[in-house]
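Let me begin by presenting the structure, written as structure tokens, before commenting on it.
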Amino acid sequence: MAQQVDSATGNAVADAGEIIVTAQRRSERLQDVPIAITNLDSGRLAKANIQTLQDLPRIAPTLKGGNGPGTSGVRLSIRGLGSLGNSAIEPSVATFVDGVYIARPGAMYGALLDLDAIEILSGPQGTLFGRNASVGALNIRTKAPSDRFEGNIGVEAGTGDRYRLDGAINVPLGQDVALRVAGLAQLFDGYWKTTGTGGRSGVDNFAGRATLRARLSDKLTWTGRGDYTLTRGGGWQYTPLIAKSLTPATLAALTARIGAPSDLDRDDGTTNQYTAGNHVDSKHWGVSSQFDLELGDFAVKLTDSYRDWNNLEQDGDGSFLPILLLARDNFWRSKSNAHELQLSSPTDLLGGRFSFVSGVYYYHEDLRINYNFNLSPDFCRIVAPSTATAACLANPRNPAALFVFNQRTSSFAGYLQGSFKIVPSLDLTLGARYTHDDKDGSFIGRNFNPAAASIQTNETTKLSYAEGRWTYRANLAWRPSRELMLFATYSTGFKSGGFNSGNSNAALGQLRVFNPEIVKDYELGFKFQTRDRVLTFNATAFRMDVDDFQERALFGITPVVQNVGSLRQQGIEAELTVRPVEGLQLNTGIAYLDSKFKSYPNAPNIPGFTPATHDLSGFPLTFSPKLAGTSGVEYSVPVGGDMRISLRGDISYTTKYYAGTTIDGNPYTIQPGYSLLSARATLFGRDDNWSIALFGDNLADKRYCTNIAVQVFDAPLGLRNPTTGTGLRCFVGNPRTFGARLTKNF
1277 MAQQVDSATG NAVADAGEII VTAQRRSERL QDVPIAITNL DSGRLAKANI
1327 QTLQDLPRIA PTLKGGNGPG TSGVRLSIRG LGSLGNSAIE PSVATFVDGV
1377 YIARPGAMYG ALLDLDAIEI LSGPQGTLFG RNASVGALNI RTKAPSDRFE
1427 GNIGVEAGTG DRYRLDGAIN VPLGQDVALR VAGLAQLFDG YWKTTGTGGR
1477 SGVDNFAGRA TLRARLSDKL TWTGRGDYTL TRGGGWQYTP LIAKSLTPAT
1527 LAALTARIGA PSDLDRDDGT TNQYTAGNHV DSKHWGVSSQ FDLELGDFAV
1577 KLTDSYRDWN NLEQDGDGSF LPILLLARDN FWRSKSNAHE LQLSSPTDLL
1627 GGRFSFVSGV YYYHEDLRIN YNFNLSPDFC RIVAPSTATA ACLANPRNPA
1677 ALFVFNQRTS SFAGYLQGSF KIVPSLDLTL GARYTHDDKD GSFIGRNFNP
1727 AAASIQTNET TKLSYAEGRW TYRANLAWRP SRELMLFATY STGFKSGGFN
1777 SGNSNAALGQ LRVFNPEIVK DYELGFKFQT RDRVLTFNAT AFRMDVDDFQ
1827 ERALFGITPV VQNVGSLRQQ GIEAELTVRP VEGLQLNTGI AYLDSKFKSY
1877 PNAPNIPGFT PATHDLSGFP LTFSPKLAGT SGVEYSVPVG GDMRISLRGD
1927 ISYTTKYYAG TTIDGNPYTI QPGYSLLSAR ATLFGRDDNW SIALFGDNLA
1977 DKRYCTNIAV QVFDAPLGLR NPTTGTGLRC FVGNPRTFGA RLTKNF
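The C-terminal residue of the sequence shown carries number 2022 in this note's numbering, and the numbering is unbroken.
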């Protein structure tokens, strides 16, 4: 049965099996949209064992993701561009769930639940998606209520003592009303433990969502959504010292200063050398209301939403060492509301030659960040100058320092994008959006112990920032046949400026404020699909020029964002899917990336090197491998008794890239190339009413670093030298894992 969509919205009617996306704020065939899109439906996510957003790069080569300590270190990047570390910095990759903007990537740290699809949109999406979609967007759609009583329940167990129970139920409440409720509970001890406490690194997840859809009249539909996620546990990775970043002399100096055994570079693959545990407690919830109104052949959509993210991280041992130097209590609170009124035309204006999407948008966020720093006697002995040891011990150490950062953001925008058929096979699309951001903030820092001056000085600063900016999109799409589309695009985007929220020190000074990051994107691409959909081949060549790049550098122990030079990211993205015979599907995707700083003459040098700055012009950006790719094969065959078995294998691979959390050109932060292999075997019952699956990820047990960071307090610990720079730590990716799942559909 063909998938019918409301004619008032101007959306296409798709045959069964067609992929429908909403990348242009209306439902369209994927092959008709002149944007580089990776569409991952719920089936594809399940078959690839995707549990979180950080798992997506295994099947989407244009996307890289990972997380450092806790939830605040979550990073997502597209075409090598993303954000990490500064809690107040805006993301480069905007995340939307059912059309609602998620301000802080850390809020999406938990397990995914009851999704319809994830669309990964590459390139600036500033016209229709707005601020902070400067290099792309994740457009996440959850499953909507339907007019059928149905549901599912699943139980799952896996490596690391991971146990999951999830389910969903859809209930019609009369002819025009339906309710869908979904939930999950996951207990997870983790893959690693700590020496001092024996505690595990895993987090427990509890989540729920309710969606109510009511057709209030023939022309008006209302959809209300509410969701809640709780993430609680260790939340930290295995973080050993990288042996090649040490010399015998620096290792001996470190050992002597902390009085620990001489195997500080020990790397057993399972046990962190922490003396104290870490803890994450993250609560994220929200509600939204959406009205869809038909006005003749036009469609009006009004969306209102509220989001609240309350996140506590207790870093019991901020040094990652087998002694306690510094403990931190970190608290984030983000409360945001957004309101959007959108008007969409039918596709048959001017005799079928013109259509448009327009709207106005308002967004507001209140962000608060608190840090408390607690010192140990060993901090006074090792990190504080010898002349200050007695004073350090005599003054308050709990807390020894703290800071409070507050930021209020208000953003207004209006947008219009229209498409005109020059001739039946040639479309010209022009779009523009004006955005005005106002930010006000304050930073209050207090030092109660003189020895903590390197962490936090006394500071009271009022901050303000205002910016109005246009973003544009121009696209020409030629469709010589239904099978083939060729397109050329010029688009712009920006990532909003703002404030450094990190603790202050003497080096920070006037760097508290940074300006917006500006992106200009040029693309040439094509999309091809045979009529029987046996072969689908899509490819895009792009060049992105970035000015006032928001770079993250390390000043002491403080990560600071500042605008530096210019950057160029160019390359090719391609996806190929082949279905040669019934039951067999082959797919591959590649992302070739040529990354280079066009100008970065005064970049921070490697810690331990002199002078303090050097020229990184010509160097690639971090997390920008030359080549990344994914390939998969799936075979489904009947096995008797109306059952079938599905076998799926995937491999993702990447060439080497800089994985440092700061940009300094340190060769020891290069992550060598690696490949990850995953597989899944699923037995389905009659009409797919039940299934049993066995799966595994990273089957070859490859070791790799999701991030590489400088050892905290590297200078007083004796780790800096002019040969290797300083000691580095690897945030290790997940090891080999296995699992089993039983699902019942009804």
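For each residue, glycine too, the CB sits at the ideal point set by N, CA and C.
As the structure is a computational prediction, the values presented were derived from the model and not from experiment.
Leaving out five residues on either side along the sequence, give the residues of the same chain with a beta carbon under 8 Å from the beta carbon of residue i.
i, result
"residue 1430", "1440, 1441, 1442, 1443, 2017, 2018, 2019 and 2020"
"residue 1672", "1724 and 1725"
"residue 1629", "1696 and 1697"
With distances taken between CB atoms, is the gap from residue i to residue j smaller than 8 Å?
i, j, result
"residue 1325", "residue 1387", "no"
"residue 1737", "residue 1829", "no"
"residue 1870", "residue 1842", "no"
"residue 1605", "residue 1618", "no"
"residue 1864", "residue 1944", "no"
"residue 1453", "residue 1445", "no"
"residue 1329", "residue 1357", "no"
"residue 1953", "residue 1985", "no"
"residue 1965", "residue 2011", "no"
"residue 1395", "residue 1313", "yes"
"residue 2033", "residue 1460", "Outside the modelled stretch of the chain, which goes from 1277 to 2022, sits residue 2033, for which no answer is possible."
"residue 1719", "residue 1678", "no"
"residue 1935", "residue 1898", "yes"
"residue 1364", "residue 1777", "yes"
"residue 1451", "residue 1499", "no"
"residue 1526", "residue 2004", "no"
"residue 1390", "residue 1501", "no"
"residue 1882", "residue 1942", "yes"
"residue 1721", "residue 1683", "no"
"residue 1400", "residue 1767", "yes"
"residue 1859", "residue 1913", "yes"
"residue 1773", "residue 1798", "no"
"residue 1902", "residue 1950", "no"
"residue 1788", "residue 1775", "yes"
For residue i, which residues from the same chain have a beta carbon less than 6 Å from its beta carbon, with the 5 sequence-adjacent residues on both sides left out?
i, result
"residue 1817", "1800 and 1848"
"residue 1282", "Here the model assigns residue 1282 a pLDDT of 38, short of 50, so the residue's position is not dependable, and the following value carries that caveat. No residues qualify anywhere along the chain."
"residue 1660", "1668 and 1727"
"residue 1875", "1841, 1842 and 1893"
"residue 2022", "1427"
"residue 1636", "1617 and 1690"
"residue 1301", "1404 and 1633"
"residue 1695", "1631, 1703 and 1705"
"residue 1375", "1579"
"residue 1536", "1598"
"residue 1851", "1814 and 1865"
"residue 1493", "none"
"residue 1924", "1323, 1910 and 1956"
"residue 1276", "Summary: the structure shown does not reach residue 1276, with the chain confined to residues 1277 through 2022, and so no result is reported for it."
"residue 1646", "1607 and 1680"
Per the DSSP calculation, residue i is bridged to which residue(s)?
i, result
"residue 1499", "1489 and 1566"
"residue 1506", "1482 and 1559"
"residue 2022", "Its beta-bridge partners do not exist; DSSP assigns none."
"residue 1715", "1685 and 1741"
"residue 1528", "Residue 1528 is not bridged to any residue."
"residue 1919", "1916"
"residue 1695", "1631 and 1705"
"residue 1927", "1907 and 1953"
"residue 1317", "1393"
"residue 1871", "1845"
Note down, in chain order, each residue of its chain lying with its Cβ closer than 7 Å to the Cβ of residue i, except the 5 sequence neighbours on either side.
i, result
"residue 1449", "1455"
"residue 1479", "1464, 1507, 1508, 1509, 1510, 1511 and 1556"
"residue 1992", "1658 and 1659"
"residue 1793", "1410, 1770, 1771, 1822, 1824, 1825 and 1826"
"residue 1393", "1315, 1316, 1317, 1318 and 1417"
"residue 1656", "1665, 1668, 1669 and 1727"
(request) May I have a chain-ordered list of the beta strand (DSSP E) segments no shorter than 3 residues that lie completely inside the stretch 1787–1867? (result) Those beta strand (DSSP E) runs which fall completely within the stretch 1787–1867 and span 3+ residues are 1793–1805, 1811–1831 and 1834–1854.
(request) Write down every uninterrupted run of the beta strand (DSSP E) in the stretch 1573–1613 whose length is 3 residues or greater and which is fully enclosed by it, in chain order. (result) If only uninterrupted beta strand (DSSP E) runs of at least 3 residues are considered, those enclosed by the stretch 1573–1613 are 1574–1591.
(request) Would you list, in sequence order, the uninterrupted alpha helix (DSSP H) runs of no fewer than 4 residues that lie entirely inside the stretch 1962–2018? (result) You should have found no qualifying run.
(message) For the stretch 1595–1605 against the stretch 1545–1565, do three or more pairs of beta-carbon atoms, one drawn from each stretch, fall closer than 8 Å, so that the two count as touching?
(response) Contact holds: three or more Cβ-Cβ distances are below 8 Å.
(request) Give, in chain order, every unbroken run of the beta strand (DSSP E) that is at least 3 residues long and sits entirely within the stretch 1353–1429. (result) Within the stretch 1353–1429, the complete beta strand (DSSP E) runs of at least 3 residues are 1369–1373, 1376–1378, 1391–1398 and 1412–1418.
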